[in-house]
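Engineer: Sharing a structure, written as structure tokens. Questions coming.
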């Protein structure tokens with residue numbers, strides 16, 4: 005009969021002491037294996053958290069380096085997911101309600117005419133053409 009793993013003698017000729025040694029060896033091996041798995045998972049989780057923090061830091065640096073706040077004297081702001089130019093009087097701030105020009109999406113979603121939006125960010129990293137905000141939204145038209 006062959007001897008495997010923790011066995012020190014074949015099962016037929018093993019003594020109680022041989023069986024106890026084999027059982028202790030198996031317990032130790034399994035406990036060590038489980039601890040190794042836990043340690044590896046913990047180490048991997050720490051690495052993931054570090055990489056996520058690093059990615060956020062690098063995204064912020066890139067954003068800071070590429071963010072535009074003005075184009076040809078017009079203030080640039082983000083309203084939701086889109087960027088717009090503001091040529092009106094005074095500066096817009098985050099939270100200001102503005103009237104946005106109609107586009108094909110707003111026409112399908114909200115019907116024809118101007119839509120009301122809320123300034124969500126100052127500046128943008130977008131590099132394409134920007135529509136111009138029509139004006140500040142009157143208090144009665146501001147969404148609740």
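Numbering (this note's numbering), first residue to last: 5 to 148.
All C-beta atoms, glycine included, are put in the ideal place defined by N, C-alpha and C.
Remember, it's a predicted structure, so these values are computed and weren't measured experimentally.
Please list, in chain order, all residues of the same chain as residue 106 whose beta carbon is under 8 Å from its beta carbon, the five residues on each side excluded.
Structural biologist: For residue 106, where only same-chain residues beyond five positions count, the Cβ hits under 8 Å are 116, 117, 118 and 119.
Engineer: How big is the Cα-Cα spacing for residue 64 and residue 129?
Structural biologist: Roughly 11 Å between the two C-alpha positions.
Engineer: On the DSSP bridge assignment, give the partners of residue 78 in chain order.
Structural biologist: Paired residues: 75.
Engineer: Roughly how many angstroms lie between the CA atoms of residue 41 and residue 35, to the nearest whole one?
Structural biologist: Answer to the nearest angstrom: the Cα atoms are 10 Å apart.
Engineer: Considering only DSSP beta bridges, list what residue 103 is partnered with.
Structural biologist: Note: residue 103 sits in a beta bridge opposite 120 and 139.
Engineer: Quick one: using the 10 Å Cβ neighbour count with 16 as the cut-off for buried, is residue 73 buried or exposed?
Structural biologist: Classification for residue 73: exposed.
Engineer: Between the Cα of residue 143 and the Cα atoms of 111, 101 and 133, which residue gives the shortest distance?
Structural biologist: Ranking 111, 101 and 133 by Cα distance to residue 143 puts 101 first.
Engineer: On a Cα-Cα basis, can you pick out the residue from 85, 81 and 19 that is closest to residue 91?
Structural biologist: Closest by alpha carbon: 81.
Engineer: Which same chain residues end up closer than 7 Å to residue 67 when comparing Cβ atoms and leaving out the 5 residues on each side of it in sequence?
Structural biologist: Cβ neighbours of residue 67 beyond the five flanking positions: 129.
Engineer: Between the Cα of residue 139 and the Cα atoms of 133, 122 and 131, which residue gives the shortest distance?
Structural biologist: Selected option, being the one with the closest Cα: 122.
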